[in-house]
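Take a look at the structure below.
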Amino acid sequence: MIQEINIPTWKWEVIKMDFITGLPRICRQHDSIWVIVDRDTKSAHFLAVKTTDSTEDYAKLYINDIVSLHGVPLSIISHRDRWSNREYHSDLRGHF
Numbered sequence: 739m740i741q742e743i744n745i746p747t748w749k750w751e752v753i754k755m756d757f758i759t760g761l762p763r764i765c766r767q768h769d770s771i772w773v774i775v776d777r778d779t780k781s782a783h784f785l786a787v788k789t790t791d792s793t794e795d796y797a798k799l800y801i802n803d804i805v806s807l808h809g810v811p812l813s814i815i816s817h818r819d820r821w822s823n824r825e826y827h828s829d830l831r832g833h834f
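Going by the working numbering, the first residue of the sequence shown is number 739, and it counts up by one from there.
Structure (structure tokens):
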């Protein structure tokens, strides 16, 4: 059976995100890097974060640093439980 493959038609329609954790703390106590990559262009944003940040903190950072530049993606791919968390999605919707 042949299945249709959806190909993004515009950059930043489909993004992938993950974390680099376990880093030594730096000046503002950041100890992780949040990596957000456009699936099509492979361009990326690297955001310094703290593992102790709340989901609301991540939602605000995402809106201010990603959505303000690229708009709202059609799809977000992540392999971390944090992004399947209902609290995060509720916080994110609250900021729209």
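We put the CB at the ideal spot given by N, CA and C, even for glycine.
For the beta strand (DSSP E) containing residue i, list its first residue and its last residue.
| i | result |
| --- | --- |
| D756 | 752-758 |
| D769 | Premise fails: D769 is in no beta strand (DSSP E) and is neither H nor E. |
Identify, in the order they occur along the chain, each residue of the same chain with its Cβ nearer than 8 Å to the Cβ of residue i, setting aside the five sequence neighbours on each side.
| i | result |
| --- | --- |
| H817 | D756 |
| I764 | A786 |
| G809 | W750 |
What does DSSP give as the partner residues of residue i in its beta bridges?
| i | result |
| --- | --- |
| H783 | I774 |
| S816 | M755 |
Tell me where the alpha helix (DSSP H) around residue i begins and ends.
| i | result |
| --- | --- |
| L799 | 793-800 |
Pop quiz: residue i and residue j are said to be a contact at Cβ under 8 Å. What is the actual Cβ separation, rounded to whole angstroms?
| i | j | result |
| --- | --- | --- |
| L807 | L785 | Not a contact, Cβ separation roughly 12 Å. |
| S792 | V752 | Incorrect: roughly 26 Å between the Cβ atoms, too far for contact. |
With a CB to CB cut of under 6 Å and the five nearest residues on each side skipped, what residues in its chain are close to residue i?
| i | result |
| --- | --- |
| I815 | K754 |
Enumerate in chain order the residues of its own chain whose CB-to-CB distance from residue i is below 7 Å, with the five nearest sequence positions on each side excluded.
| i | result |
| --- | --- |
| D776 | K749, W750, I753 |
Cβ pair count under 8 Å reaching 3, the segment 747-761 against the segment 769-777: yes
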